[in-house]
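K.L.:
Here it is, the structure in full.
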Amino acid sequence: MTRQDDKTRLRNRMIDQAISEAARNQWDTAIELNQKVLELGEDAETYNRLGKALNESNRYREALAAYQHTLRIAPSNVIARRNMARLEPVIASNAETSDRPRELVDLRLFISETGKTGITTLTNIADPAIASRLSSGERVELRQEGRVLNVYNTDGNLIGRIEPKLAQRLTELIAGGNKYAAAIAHNEGGQVRIVIRETFQHPSLRKKISFLGKLSGDMGSFRPYVRDYTLRYDFETDDDEIDDDLDEDDEDDDNDEVSLDDVEGDEEAEEDDLGN
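Mapped onto my numbering, the consecutive letters of the sequence shown carry residue numbers -16 to 259.
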């Protein structure tokens, strides 16, 4: 085995380790490993991984610089361009000083059977600066406060509010014993979309469906967010590969997901009233 072969094997091993550490949210280690990979030779994918790890560590300016290196090597790189577009307003808002920890989940875990998962756009965004720092896959919390259902990040900052019709339905189900998990699905252009999944159904509510309605165009509303998440967390998967994988996974379940934005129309047809 030649010296070059040894170098290639070492480089590949460190790349695998960096991806593994990122998947475990060990961003400091991922940063160090990606930097070592770059010492053995520059490439766009490693700069993207480094940018992601720096971003998750709230080192926004360094992350931006990493993505700029990506574009120096690969000017048309879509991942770098997307992330730079997200980072620039964050840096402009002086968010660099934030040390808020992020708790990340895999959005693919939110793909569930009929009526268990929904996706909606938040209303009443509380602080655009806080909202701009949210990442796809970031865990958020639902809190009932009076007659509204608010959404908070894991640091306790208010993000926004669930629309009233859906909020009423979910709060009644929560009061009955159901439990839900939520995460950021997509955050762009001032619009924050979250995905919500029923994680526990109380026996007394076994006939109650959490999320009524159907996603328009089967998985058309949620698929782009899962693809975007996968691009930024798995790093080495191409757009076409992701689309093919999701199409294969969902071809038999195209109507399984429900849209929270469609609740009002289908809820009127439900005969079993939650109050009974």
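C-beta: ideal position from N, C-alpha, C; glycine also.
Determine the burial state of residue 231: buried for a count of at least 16 other Cβ atoms within 10 Å of its Cβ, exposed for fewer.
P.N.:
Below a pLDDT of 50, predicted positions are generally treated as unreliable, and residue 231, at 45, falls in that range; the measurement from the model is reported next regardless. Exposed is the call here.
K.L.:
Would you report the Cα separation of residue 18 and residue 33, rounded to the nearest angstrom?
P.N.:
7 Å
K.L.:
Please report how far the alpha carbon of residue 165 lies from the alpha carbon of residue 182, in whole angstroms.
P.N.:
10 Å
K.L.:
How would you label residue 66, buried or exposed, when you count the other beta carbons within 10 angstroms and need 16 or more for buried?
P.N.:
buried
K.L.:
In the stretch 92 to 162, which residue ranges form an unbroken beta strand (DSSP E) of at least 3 residues, counting only runs that do not cross its ends?
P.N.:
Scanning the stretch 92 to 162 from its first residue to its last, the whole beta strand (DSSP E) runs of 3-plus residues come out as 100 to 104, 122 to 128, 131 to 136, 141 to 144.
K.L.:
Which same chain residues, not among the five before or five after residue 123, have their C-beta less than 7 Å away from its C-beta?
P.N.:
134, 135, 136, 142, 165, 166, 167, 177
K.L.:
Locate the alpha helix (DSSP H) running through residue 9, then write down its first and last residues.
P.N.:
Per DSSP, residue 9 belongs to no alpha helix (DSSP H) and is neither H nor E.
K.L.:
Out of curiosity, what's the CA-to-CA distance linking residue 104 and residue 172?
P.N.:
When rounded, the separation of the alpha-carbon atoms in residue 104 and residue 172 is 12 Å.
K.L.:
Return helix, strand or coil for residue -2, following the three-state DSSP convention.
P.N.:
helix
K.L.:
Only counting the same chain, and skipping five residues up and downstream in sequence, which positions put a Cβ closer than 6 Å to that of residue -15?
P.N.:
none
K.L.:
CB-CB under 7 Å to residue 228, same chain, minus the five flanking residues each way: which ones, in chain order?
P.N.:
With a pLDDT of 44 at residue 228, under the threshold of 50, the modelled position of that residue is not reliable, and the figure given next carries that caveat. If we look at residue 228 and ignore the five residues flanking it on each side, it has no Cβ neighbours.
K.L.:
Express the C-alpha separation of residue 145 and residue 191 in angstroms, rounding to a whole number.
P.N.:
20 Å
K.L.:
From the DSSP output, in three-state form, read off residue 171 for me.
P.N.:
strand
K.L.:
Compare the Cα-Cα distances from residue 20 to each of 140, 86, 131, -10 and report the closest residue.
P.N.:
-10
K.L.:
Return the residue from the list 127, 6, 23 that minimises the CA-CA distance to residue -13.
P.N.:
23
K.L.:
What residues in its chain sit with their C-beta under 7 Å from that of residue 109, if we drop five residues either side in the sequence?
P.N.:
141, 142, 143
K.L.:
Rounded to whole angstroms, what is the Cα-Cα separation between residue 156 and residue 92?
P.N.:
Using only the alpha carbons, I get a separation of about 22 Å.
K.L.:
Any idea if residue 74 is buried or exposed, counting beta-carbon neighbours within 10 angstroms, 16 or more meaning buried?
P.N.:
exposed
K.L.:
Report the CB separation of residue 187 from residue 160 in whole angstroms; it is logged as a contact under 8 Å.
P.N.:
7 Å
K.L.:
Within a Cβ cutoff of 7 Å, which residues of the same chain sit near residue 180, ignoring the five residues on either side of it in sequence?
P.N.:
These residues qualify, in order along the chain: 93, 95, 99, 100, 163, 164.
K.L.:
When we look at the beta-carbon of residue 61 and count the other beta-carbons within 10 Å, is it buried (16 or more) or exposed?
P.N.:
Per the 10 Å Cβ criterion, exposed.
K.L.:
On the DSSP letters alone, give me the boundaries of the alpha helix (DSSP H) that residue 53 sits inside.
P.N.:
43 to 56 is the span of the alpha helix (DSSP H), which, as asked, contains residue 53.
K.L.:
For residue 180, which residues does DSSP report across the bridge?
P.N.:
100, 164
K.L.:
Would you mind sorting residue 27 into buried or exposed? The rule is 16 or more other CB atoms within 10 Å of its CB.
P.N.:
buried
K.L.:
Mapping the DSSP letters down to three states, classify residue 33 as helix, strand or coil.
P.N.:
Three-state result, residue 33: helix.
K.L.:
For residue 16, does the three-state DSSP call read helix, strand or coil?
P.N.:
helix
K.L.:
Note down the Cα distance separating residue -4 from residue 107, rounded to an integer number of angstroms.
P.N.:
Near 46 Å, if we compare the C-alpha coordinates of residue 107 and residue -4.
K.L.:
Considering residue 71, what are the terminal residues of the alpha helix (DSSP H) in which it resides?
P.N.:
61 to 75
K.L.:
Just how far apart, CA to CA, sit residue 193 and residue 153?
P.N.:
7 Å
K.L.:
Could you check whether residue 36 and residue 14 sit closer than 7 Å to each other, using their CB atoms as the reference points?
P.N.:
yes
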